[in-house]
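Working notes, structure below.
Residue numbers (mature numbering (1 follows the signal peptide of the UniProt record, and there is no 0)): -29 to -1, 1 to 1215.
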């Protein structure tokens, strides 16, 4: 029998996993060395802890990601919302998003940046709680509240770091400790409601959208002549009097090439000066205007007499935040007309993100020219931000032979298919100044990248501005683009061509740089003609006659059909000092569907090219309308978040509120949704609906109809309720995958799924996962068990009670003063005047045994009822719906109501069950396993004192990237029976932990067989360092060692264990010796050794000491372990080290004590790491014991029973309280382990 869902855990939340299109934009430089540096930092980052990272989200929810081996990890979510409102976990490829339900409407309404919830990228980019104590965000304010926003006080829990006027926004630093407060302050109370919809999602305080303040990283002897700079110098233009701003990693002010050139500088990086310890900014600046003094003029920049304005927007490691850049842009525009930005995001941009917005607005308001790198991602559609901005002069790269650089990012622009980049310049093998503050030697170094191409153009702009001091940024951009050298590449790849500085400087005529006729969406057979204009400007003092010629081709090089592109005039006269506008008309009907057309409009004077404009347009390929309709179980329109998969797209996560339409390419699709149903009833549920496989070959409708869904049921012999239940499906289709998991919050009573047909392509799997326990609380009323939810912050009852019951109205203190509540159950009404916490406090003060809160509507609810300081109140509190509660209140008012109540704080049994259906969802969804089908585990959770702990058994299917679960609270010591589904292909990973003095033990993932009967012990002596699957293991890579020694494994088979990282820093030390020479020592669980390692095969010895508080722990208060091993370099790949572990088996009671008989039997074994080379044949082992905590030792005889096992009989002196052990084992390859464990186990 299974009772209704009650979730009472350490972490009460809902988790649902669907797919989002990843838009994480980390801004990076485009020079090659930065990637290598990132790889190295990633290696070090991985080894600074124990494969566990925590990150606090903007909502206050805390996510822990723990590596569990074989590329898998487990995710724990600790909710900020103590009422258990829930969250969603979204996995796309390797990226996992954790999105609280309160944030879902904001994401669907595009008011929240998805990157705020991408825990994979957040951790990888250093936003984890160990790296940052606050979360940096950018807020954009509503345009109508622009000025009010500037003077508005900071949201609670956050501090304004800088005002970003260009985007009508601000950079905020939200304290992670106060993240929940911040979220509550900017969201209305209705935001967390299950009824919240995207169209009603609004932020308080005039906030329009919140973005993650993204991490940013930094991306001439032949190249300067290549663009013709010396010719322009000979004409007297060297940049004199022109100021150019370089926003980058700073500058080396002592470099000879900048002597006397720096006009002003400012750092936007908190706590760092302008000094360039990275080197990227110095290299870029010298390409713009370096004098070449350190090379006797050889490595001179493009504008060697220009003045340098330095804005440090990237820190000394080459990374920074978007807000630093925007703030730097605003400052730079006040100090210079030309701004160089050799940086860009790693993800494509449509030009609407904060940095791109800032470029456009500042350019318009100040007339600034922003010269920005296109990026180094090579592919089409790869141009990131801020280079994607309309106003940016976006620069690609060529080599010294004018061949396009393989790394140069190409257009069209993401989204609208606009023409980008704008222009190209040399970016391969660029020799420029090396910062003396960075690594390396000499005054110069060579780099590749669009970062290197960009400053050539910024320098060229400086020369043009010297000649034409009144020109705006737009005029400079036109001149540079329209006079470039045309190259045999697509304008979408290279822009108008390669920078031609003499042509730009000497040219009489300039023209509109590029003209995009737009993106014609399917169906486009009837698309109407589009007219655009090109303007020619004559800067000379005589009229100019121009002949206009257009070449317009598709990507195969075939000319566009006749009549597709027409020009209003083929010959024009541009008056002296004036302009002439020409109209171009595109008839898209004449072009092929799915084709891109591109080319140039060239202006010739006397047969010689004087200006040209790049042209482009895209006709979308065949697409059809996919209509989605969502209906709840009553047939009314409903809200569904739908996961959409197809081979030609990144899996999408879309909101369908009743109905929605999408235009998609023909092909095979999957569209599934976890839809919440019956949300306004006391049987709230979730239904898996949709179609996992359909062909879109014309307009089509997919229905998400919850009326067609059947209930999912589970039946077991014992009386249970689910403490954890999860509905999940997995879909793979032509290489694209989606794993959608919904983990039910406390108020979800029902799970449903609609039948589907078998899929023909790829894989489909639907599964349901339950953890069933003995009910926490059963309130018997008139032969019925009430549908109650124990409220967070209260204390569970333990035992059976027959309670007199009284009614206390609104539950105020005054209400309780009018009745005798001592030792009774009290029923109160949920109301707006007295909070559940206040009701609980009043009931506790009156001596009540149980408080029952009746909802004001006919739904179940879960709210926080504990103390204001978020500690549990010593009173049991439960909530029930109005329909049930009204009957209880009526009976209580009669004055003779008694409720029989059963409470269970430590369930004596657990069912970890899983029901799987492959290929399709069947009609019958009842799972009723017999005991003979299940694995039975007699589990003992030992402890030397009564304390609180937690545990959970994570399941991993073949498709699982990150298992999702929560540590459920239990009391130690404890004995219980655990029943587990034995499902082919499922591995179970079990973890348990002690809470008061954090200690976690991990069991290797295991696949069970049906009918197995097993015994498991947790936290049982002997506790000591042990290597195994739960943690990454020590290895050599080249001439470096990286050690990870989890210090606190228990005696469970294959178990490993450790403490939190900060605790290991205080209580664990390592020393590494080569022979007798100490190479490296350190504290914490990990030791990284990057120097002093010989390439030759040498003997090494690692010594680890660990301790724990003897006032708290009765056993294993300290350990000393030494590993001897041999190692030499074979290659530079990662090679695990052949280190042994010692396992001990001794019979102890639930408190960790062995019987103080005359003797105790002990088994000793030596364990190797699986799959590791370098072990020899075991030659022997030894054992010594101490009964005075290591002051003296006595040898104990060992009897070998297997190759790696020995037994011993330990004679115990009278009155001995503890036994300490010293054991060792060695092989014939020179590997050895010796281990001391002080107070290994107790004697009773």
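From the three backbone atoms N, C-alpha and C, an ideal C-beta is built for every residue, glycine too.
From a predicted model like this one, the values you see are computed outputs, not experimental measurements.
Where the alpha helix (DSSP H) through residue i begins and ends
i	result
residue 463	462 to 465
residue 989	Counting along the chain, residue 989 falls outside any alpha helix (DSSP H), though it belongs to the beta strand (DSSP E) covering 984 to 989.
Distance, residue j Cα to residue i Cα
i	j	result
residue 567	residue 462	11 Å
residue 1098	residue 1091	22 Å
residue 1031	residue 1079	12 Å
residue 89	residue 67	6 Å
residue 315	residue 1137	53 Å
residue 667	residue 631	16 Å
residue 576	residue 516	6 Å
residue 1106	residue 1204	19 Å
residue 807	residue 156	21 Å
residue 656	residue 641	23 Å
residue 5	residue 419	With a pLDDT of only 30 at residue 5, under 50, the local geometry of the prediction cannot be trusted, and no value is derived from it.
residue 1168	residue 1152	10 Å
residue 122	residue 178	With a pLDDT of 41 at residue 122, under the threshold of 50, the modelled position of this residue cannot be trusted; read the value that follows with caution. Approximately 13 Å, taken between the alpha carbons.
residue 912	residue 988	6 Å
residue 283	residue 256	12 Å
Three-way DSSP call (helix, strand, coil) for residue i in this model
i	result
residue 119	Note that residue 119 has pLDDT 34, beneath the 50 cutoff, so the model's placement of it is unreliable and the number below is only indicative. Reduced to three states, the DSSP call for residue 119 is helix.
residue 976	coil
residue 770	strand
residue 101	coil
residue 421	helix
residue 402	strand
residue 75	helix
residue 535	coil
residue 801	coil
residue 931	coil
residue 627	strand
residue 512	coil
residue 491	strand
residue 441	coil
residue 337	helix
residue 1002	coil
Host beta strand (DSSP E) of residue i (start-end)
i	result
residue 614	610 to 616
residue 869	869 to 874
residue 259	Premise fails: residue 259 lies in the alpha helix (DSSP H), 251 to 260, not in any beta strand (DSSP E).
residue 959	958 to 965
residue 29	Unbroken run through residue 29: none, as it is neither H nor E.
residue 697	692 to 704
residue 312	309 to 312
residue 854	Looking at the DSSP string, residue 854 is not in any beta strand (DSSP E); the run it does join, the alpha helix (DSSP H), is 853 to 864.
Anticipated Cβ contact below 8 Å, residue i with residue j, distance rounded
i	j	result
residue 1179	residue 1149	So it is not a contact: roughly 16 Å between Cβ atoms.
residue 366	residue 421	6 Å
residue 466	residue 393	5 Å
residue 169	residue 626	5 Å
residue 820	residue 898	About 37 Å separates the two Cβ atoms, so there is no contact after all.
residue 94	residue 33	Between residue 33 and residue 94 the Cβ distance is about 13 Å, and since that is not below 8 Å, they are no contact.
Proximity test, residue i beta-carbon vs the ligand FAD heavy atom, cut-off 8 Å
i	result
residue 583	This structure lacks the ligand FAD, and indeed carries no ligand of any kind.
Using a Cβ distance threshold of 8 Å, determine whether the stretch 297 to 311 contacts the stretch 234 to 252, with at least three qualifying pairs required. yes
Any chance the stretch 906 to 926 sits against the stretch 936 to 943, with 3 or more Cβ pairs inside 8 Å? yes
Are the stretch 1079 to 1098 and the stretch 1046 to 1053 touching, with three or more C-beta to C-beta distances below 8 Å? no
Three or more beta-carbon pairs under 8 Å between the stretch 530 to 541 and the stretch 593 to 600, yes or no? no
Decide if the stretch 1059 to 1069 is in contact with the stretch 1036 to 1047; the criterion is three or more beta carbon pairs, one per stretch, under 8 Å apart. yes
Would the stretch 577 to 595 and the stretch 471 to 489 be scored as touching if the rule is three or more Cβ pairs under 8 Å? yes
Report yes or no: do three or more beta-carbon pairs, one from the stretch 277 to 290 and one from the stretch 210 to 229, lie closer than 8 Å? yes
Can you confirm whether the stretch 867 to 885 touches the stretch 737 to 744 when touching is taken to mean that 3 or more C-beta pairs between the two stretches lie within less than 8 Å? yes
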